[in-house]
Amino acid sequence: MVDFIPVHTAHIITMCPGGRPVAVMENLEEEKNIATVVSRFLEKRMLEKQDFITLIDNRDSPVVSASAGSTVRSLLKVRSVSETLSVFGNRIYVRGLIEFTNYCRNNCLYCGIRAGNTEAQRYRITEEQILNCCGEGYRLGFRTFVLQGGEDPFYTDEMIAGIVRSIKKTYSDCAVTLSVGEHEYETYRLWREAGADRYLLRQETADNGHYSRLHPSSMSPVHRKQCLENLKALGYQTGAGFMVGSPFQTTANIADDLLYLSGLGPEMIGIGPFIHHDKTPFRNEKDGSAELTLFLLSVLRIMFPRVLLPATTALGTIQNDGREQGVLYGANVIMPNLSPVGVRGKYLLYNNKICTGEEAAECSSCLQRRMNAIGYKIVVDRGDYMKEQN
Ligand code: SAH
Numbered sequence: 030m031v032d033f034i035p036v037h038t039a040h041i042i043t044m045c046p047g048g049r050p051v052a053v054m055e056n057l058e059e060e061k062n063i064a065t066v067v068s069r070f071l072e073k074r075m076l077e078k079q080d081f082i083t084l085i086d087n088r089d090s091p092v093v094s095a096s097a098g099s100t101v102r103s104l105l106k107v108r109s110v111s112e113t114l115s116v117f118g119n120r121i122y123v124r125g126l127i128e129f130t131n132y133c134r135n136n137c138l139y140c141g142i143r144a145g146n147t148e149a150q151r152y153r154i155t156e157e158q159i160l161n162c163c164g165e166g167y168r169l170g171f172r173t174f175v176l177q178g179g180e181d182p183f184y185t186d187e188m189i190a191g192i193v194r195s196i197k198k199t200y201s202d203c204a205v206t207l208s209v210g211e212h213e214y215e216t217y218r219l220w221r222e223a224g225a226d227r228y229l230l231r232q233e234t235a236d237n238g239h240y241s242r243l244h245p246s247s248m249s250p251v252h253r254k255q256c257l258e259n260l261k262a263l264g265y266q267t268g269a270g271f272m273v274g275s276p277f278q279t280t281a282n283i284a285d286d287l288l289y290l291s292g293l294g295p296e297m298i299g300i301g302p303f304i305h306h307d308k309t310p311f312r313n314e315k316d317g318s319a320e321l322t323l324f325l326l327s328v329l330r331i332m333f334p335r336v337l338l339p340a341t342t343a344l345g346t347i348q349n350d351g352r353e354q355g356v357l358y359g360a361n362v363i364m365p366n367l368s369p370v371g372v373r374g375k376y377l378l379y380n381n382k383i384c385t386g387e388e389a390a391e392c393s394s395c396l397q398r399r400m401n402a403i404g405y406k407i408v409v410d411r412g413d414y415m416k417e418q419n
C-alpha cells in the first residue's frame, strides 16, 4: 500500500530539520494522520467513525503521492472512477422516474410536498397515464420504471399492487422500483409478490437526534430503519441514502450514515444536496454543496464497488454539470423524469428543480449528449445489482 506523505509535512521536514516548535509538531502529526487515514481507507474500504470524520473534514488537504498536486479528494476520485470502470465499464444505467402523486400525509420539514404546504398544487395521475409513461419510456430505451410519490392514503395497498402487476404484465423485461415511503411488512410483501423488484427509501439520517430535527415527532427513525430491514428481508434490491448538508447535519452525522449503510448493505444508494424549498420551515436554511456530495459519491463507490449509485437531480440542480460530475466521481445511474409534462412542475421537493419543462424524449436525448460528452454511454438494460461471483 502506498504511504502518502502530506505535502506540508514534506515541506516542514526540509525547512526545519532540527527541533520544531510545538505548533508545527502538532500540524505535522495531524497531516501524518490524514495520510494514514487515506491510506487505510483505500486499503480497507472502511474506517472507524473518527477516521471518517478526519477523511471528510480534510477532503481538500494536499497529500504527496506519485501524481503531483494530489489532495485527499483527487486520490479518492481516481480510485473511485477506476472501481466504477472495472465493474460497469463506461455504461450508465437509466431509470425512468414517474412521480405519480404529490399528496403526502407526512410533514418532513425539508420537503416541498409536505402535508403542511397548503400552496402545493396537488395531483395524482391515473394508472392509464402511468402505463403511457412506461410506453414512452420503453420506446426511449428505459428498462426500469421508478414509481415515486408521497405517502398518499388515497392508494390502498391493493391499488399499488395492481399498478405494479399491470406494468410487469405489459413490460415483462423491465424492472419496477417503488419509492412510496414507510409501510408495514405485509404491504411490502404484497408489492414484492406483485412483481416489484426494487425499493428506494432513504434513511435521511442515521442519527436519531438529527432525524428528530428534520421530521415531526410522529415520524420515527426506528421505524424507518425497520422498513429498510424488512425490504432487504423480502428480497428487494434496496436503496437507502441521505441528504448532504441537511440542516443541523454534522460531519459526525455523515460518518454515522456511512457506518449505517455499511451495516445495511444496500444495493442502491441515493445521496444529493439538501436544497431549501420556500414553503417549508427550512426556507431560510443553507443549501448543501455539490463539492461535498461529489466527494461522498467517491467515498461510497470505494466502500461499495458494485452499488447502483445515481447522480441525482438535486445534484444537477445545485450545479449545472452536477450529474456529469457525479459520474466523474463514481456514480453509474441517472434517473430522468418520465412524468407527464403537465405535472412535472408540481412535484417540487425543493426550489428550482431542473427538467420540469421538457418532454421525456428531450430529457433523454439531453442526458445522452451529456454522458457522451464525458466519454460515457447510456445503455438499454434493467441494470440490476450484480452480486459478486464466488
Ligand atoms: N415519500 C418517499 C419519497 C420521498 S422524495 C419517501 O419517503 O421515501 C425522495 C427523496 O427526496 C427523499 O428521500 C429526500 O431525501 C429527498 N428530498 C426531499 N426534500 C428534499 C430537499 N428539500 N432537498 C433535497 N432533497 C430532498
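Position one of the sequence shown corresponds to residue 30 (the working numbering), numbered consecutively onward.
Here a beta-carbon is modelled for each residue, glycine too, at the ideal position from N, C-alpha and C.
It should be emphasised that the depicted structure is a prediction, and the values quoted were computed from it without experimental measurement.
Supposed close pair residue i, residue j - CB separation, criterion 8 Å
i      : j      : result
Val372 : Leu337 : Incorrect: roughly 26 Å between the Cβ atoms, too far for contact.
Gly404 : Asn146 : Wrong, their Cβ atoms sit about 41 Å apart, outside the cutoff.
Ser327 : Ser109 : 4 Å
Asp80  : Val66  : 5 Å
Ser275 : Tyr184 : Rounded, the Cβ-Cβ distance is 28 Å, inconsistent with contact.
Contacting residues, own chain, Cβ-Cβ under 7 Å from residue i (five flanking each side not counted)
i      : result
Gly141 : Ala149, His306, Lys308, Thr309, Leu377, Leu378, Tyr379
Ser195 : Glu156, Leu160
Ala144 : Cys133, Arg134, Asn135, Asn136
Ala269 : Leu230, Arg231, Gln232, Leu257, Leu290, Leu293, Pro295, Ile298
Thr216 : Asp186
Thr113 : Arg330, Gly359, Asn361
Pro250 : Asn237, Tyr240
Glu388 : Val370
Leu169 : Ala389, Ala390, Ser393
Pro245 : Asn136
Leu263 : Tyr217, Arg218, Arg221
Residues of its chain near residue i, where Cβ-Cβ distance is below 6 Å and the 5 sequence neighbours each way are ignored
i      : result
Gly178 : Phe129, Thr130, Val209
His37  : Here His37 scores only 45 on pLDDT, less than 50, and its place in the model should not be relied on; the value that follows carries that caveat. So the qualifying residues of the chain are Glu60.
Leu176 : Ile127, Phe129, Leu207
Leu76  : Phe70
Cys162 : Ile127, Leu367
Asn62  : none
Cα-Cα separation, residue i to residue j
i      : j      : result
Gly224 : Lys197 : 7 Å
Gln348 : Ala319 : 7 Å
Gln232 : Gly166 : 29 Å
Phe277 : Leu243 : 9 Å
Val101 : Leu84  : 8 Å
Leu105 : Gly345 : 21 Å
Thr2   : Asn313 : Residue 2 is absent from the model: the chain starts at 30 and stops at 419.
Ala39  : Cys203 : Because Ala39 carries a pLDDT of 41, less than 50, the predicted location of this residue cannot be relied on, and no value is offered for it.
Glu72  : Ile121 : 27 Å
Leu325 : Gln158 : 37 Å
Met399 : Glu353 : Note on identity: in this sequence residue 399 is Arg, with Met being the wrong assignment. Taking the straight line from one Cα to the other gives about 7 Å.
Gln255 : Glu58  : 42 Å
Gly261 : Arg218 : The question names Gly, but residue 261 is Lys in the sequence shown. Using only the alpha carbons, I get a separation of about 11 Å.
Pro369 : Glu417 : 38 Å
Leu396 : Arg124 : 12 Å
His239 : Tyr228 : 24 Å
Phe311 : Glu211 : 23 Å
Arg151 : Ile127 : 15 Å
Ala281 : Ser201 : 44 Å
Asn381 : Lys375 : 12 Å
Lys406 : Ile331 : 22 Å
Thr341 : Leu288 : 22 Å
Pro182 : Asn259 : 21 Å
Ser356 : Gly412 : The sequence given here has Val at residue 356, not Ser. Distance between the alpha carbons of Val356 and Gly412 is about 16 Å.
Ala190 : Glu180 : 15 Å
Val409 : Phe174 : 13 Å
Val205 : Arg153 : 19 Å
Lys78  : Gly98  : 27 Å
Ser94  : Arg88  : 15 Å
Residues near residue i by beta carbon distance below 8 Å, same chain, minus five either side
i      : result
Phe271 : Arg231, Gln232, Glu233, Thr234, Ala235, Ile283, Asp286, Ile300
Gly273 : Sequence check: residue 273 is Val here, not Gly. These residues qualify, in order along the chain: Ile283, Ile300, Gly301, Pro302, Phe303, Gly317, Ser318, Leu321, Thr322, Leu325.
Arg253 : Glu211, Leu230, Gln232, Glu233, Tyr240
Tyr265 : Tyr217, Arg221, Ala225, Asp226, Arg227, Tyr228
Met415 : Val116, Arg335
Beta-bridge pairing of residue i - partner residues as DSSP gives them
i      : result
Gly301 : Met272
Glu128 : Gln177
Glu233 : Phe271
Arg120 : Lys406
Ser208 : Gln177
Any non-hydrogen atom of ligand 3 within 7 Å of residue i CB
i      : result
His244 : The model depicted lacks ligand 3 and carries ligand 1 instead.
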